[in-house]
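In my numbering, the protein residues as written are 26 to 292.
I have placed the structure first, in the form of structure tokens, so that the comments after it can refer back to it.
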Amino acid sequence: MKLSLAILLLSFYTVSAQQKPVETIYFEFDRYDLTNKQKTVVSNFIKNLDTSKVQSIQIYGYCDDRGTDSYNFRLSDKRAITIQNLLVRNGFKKNKIIILEGRGRIIVKTDTVKNLHETRLQNRRVDLILVTKENFGKDVHTSFKEKLKVGDRVYLENILFNIGSAKLTDTAKKELNNVALTLLTHQNIKFEIRGHVCCTPEIYSDGIDRDTKERRLSWNRAKTVFHYLISKKISKSRMTYLGCGNKYPLKKGDKYDRRVEFLITDI
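In structure tokens, the structure reads:
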């Protein structure tokens, strides 16, 4: 079905089956700005959104396959920033925007795609992924091999970190190698990597990474696991990552709070 001009310029849709809504905004070729009409639609969307129930939002920008990688990474970044700025101007709290990433161009095989024009229209976009508070983690599992459903958490005791560090231990790497093998077998699983910290006063939301000196330790732990799994051939399109700081202690001892967990987002 061909896209109308209105859908080309701006279209929102919600995927509710995953309990993780995805909003998509389409852009014109080689543009990262929005018309006044588009801005009004986004503003109305924000007004109708119960932001008190939103835990976080992730913004990902994309381009079609034309142009160089470097140019498209810059353009996709600008598209993501455009949407971020518009959300903030319309009252959305910036600290809830936890990922802002331009992912560059989406490669297509031009000789095999049935409708190349329409495909390119759909690839010039920004995706917004919302995580609601009521879905911020449910049942906990200790293996990816168990029967999982969307909203489940996977917690592996061997993926722990030293105090103040986001570097993987040898034990954690061995565990992640096993995780990667399982994920390569079960290609349908998509997930969010969530980093945690211990031993941080309640007045602070996160710990300090002793290497970077930033108070983003939980984020850095999640990001480290994200990149390690990419190195093991797990597609980054299956993963996102989030720093949870000190919000969710297990109350089993400090070392168990220096961890990452995996939240299942799609099966």
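Quick reminder that beta carbons are idealized off the backbone N, C-alpha and C, glycines included.
Just so it is clear, the structure is predicted and the values come from calculations on it, not from any experiment.
* Asked: Pick from Val222, Ser262, Ser260, Thr265: whose alpha carbon is nearest that of leucine 275?
  -> Taking only the C-alpha atoms, the option nearest leucine 275 is Val222.
* Between the beta-carbon of valine 113 and the beta-carbon of isoleucine 218, is there less than 7 Å? -> No.
* Asked: How would you call threonine 265, buried or exposed, if buried means at least 16 neighbouring beta carbons within 10 angstroms?
  -> Sixteen is the threshold: when 16 or more other Cβ atoms of the shown chains lie within 10 Å of the Cβ of threonine 265, as they do, the residue is buried.
* **Whole-angstrom distance between phenylalanine 52 and leucine 59, CA atom to CA atom** => One C-alpha to the other measures close to 8 Å.
* **Residue range of the beta strand (DSSP E) that includes lysine 280** => No beta strand (DSSP E) holds lysine 280; the alpha helix (DSSP H) holding it covers 279-282.
* For lysine 163, three-class secondary structure by DSSP -> Model confidence at lysine 163 stands at a pLDDT of 47, short of 50, so the residue's coordinates are unreliable; what they give is reported in the following sentence. In this structure, lysine 163 counts as coil in the three-state DSSP scheme.
* **Simplified DSSP assignment, three categories, for phenylalanine 54** => If DSSP states are grouped into helix, strand and coil, phenylalanine 54 belongs with coil.
* To do: Note down the Cα distance separating asparagine 140 from aspartate 90, rounded to an integer number of angstroms.
  => Distance between the alpha carbons of asparagine 140 and aspartate 90 is about 14 Å.
* Considering phenylalanine 216, what are the terminal residues of the beta strand (DSSP E) in which it resides? -> Unbroken beta strand (DSSP E) run through phenylalanine 216: 215-220.
* Is glycine 86 buried or exposed, if buried means 16 or more other CB atoms sit within 10 Å of its CB? -> A buried status is given to glycine 86, since no fewer than 16 other beta-carbon atoms sit within 10 Å of its beta-carbon.
* **Beta-bridge partners of glutamate 315, as assigned by DSSP** => With the chain represented from 26 up to 292, any question about residue 315 goes unanswered, as that position is not in the structure.
* To do: Determine the extent of the beta strand (DSSP E) in which leucine 267 is found, giving its start and end residues.
  => First-last of the beta strand (DSSP E) with leucine 267: 264-268.
* Asked: CA-CA distance, valine 67 and isoleucine 82?
  -> Going from the Cα of valine 67 to the Cα of isoleucine 82 covers about 15 Å.
* Asked: So, does the CB of glycine 270 fall closer than 7 Å to a CB anywhere in chain C?
  -> Here there is only one protein chain, and chain C is not present.
* **Selected residue, minimal CA-CA separation from glycine 270, among Val179, Phe287, Arg246, Asp177** => Sorting Val179, Phe287, Arg246, Asp177 by C-alpha distance to the C-alpha of glycine 270 places Arg246 at the top.
* Give the straight-line distance between the Cα atoms of lysine 277 and isoleucine 188, rounded to the nearest whole angstrom. => Rounded to the nearest angstrom, the two C-alpha atoms are 16 Å apart.
* Just the C-alpha distance for glutamate 126 and isoleucine 84, rounded to the nearest angstrom, thanks. => Answer to the nearest angstrom: the Cα atoms are 6 Å apart.
* State the CB to CB distance for the pair phenylalanine 98 and glycine 129, rounded to an integer number of angstroms; the pair is presumed to be in contact (CB under 8 Å). => Going by Cβ atoms, the distance from phenylalanine 98 to glycine 129 rounds to 4 Å, so yes, they are a contact pair.
* So is glutamine 63 buried or exposed if we call it buried at 16+ other beta carbons inside 10 Å? -> The residue is buried, with at least 16 neighbouring Cβ atoms inside 10 Å.
* Looking only at C-alpha atoms, which of Asp102, Leu181, Asp136, Leu185 sits nearest to valine 204? -> Measuring from the Cα of valine 204, the nearest candidate turns out to be Leu181.
* Asked: Do the CB positions of valine 138 and isoleucine 108 come within less than 7 Å of each other?
  -> No. Outside cutoff.
* Would you decide whether phenylalanine 186 is buried or exposed? Buried here means 16 or more other CB atoms lie within 10 Å of its CB. => By the beta-carbon neighbour count (other beta carbons within 10 angstroms, threshold 16), phenylalanine 186 is buried.
* Give the secondary structure of aspartate 195 by DSSP, where H, G and I count as helix, E and B as strand, and everything else as coil. => The answer is helix: DSSP assigns aspartate 195 an H, G or I state.
* Asked: For threonine 290, which three-state DSSP category applies?
  -> Three-state DSSP puts threonine 290 in a strand.
* Would you report the Cα separation of threonine 144 and lysine 134, rounded to the nearest angstrom? -> Spanning the alpha carbons of threonine 144 and lysine 134 requires a straight line of approximately 11 Å.
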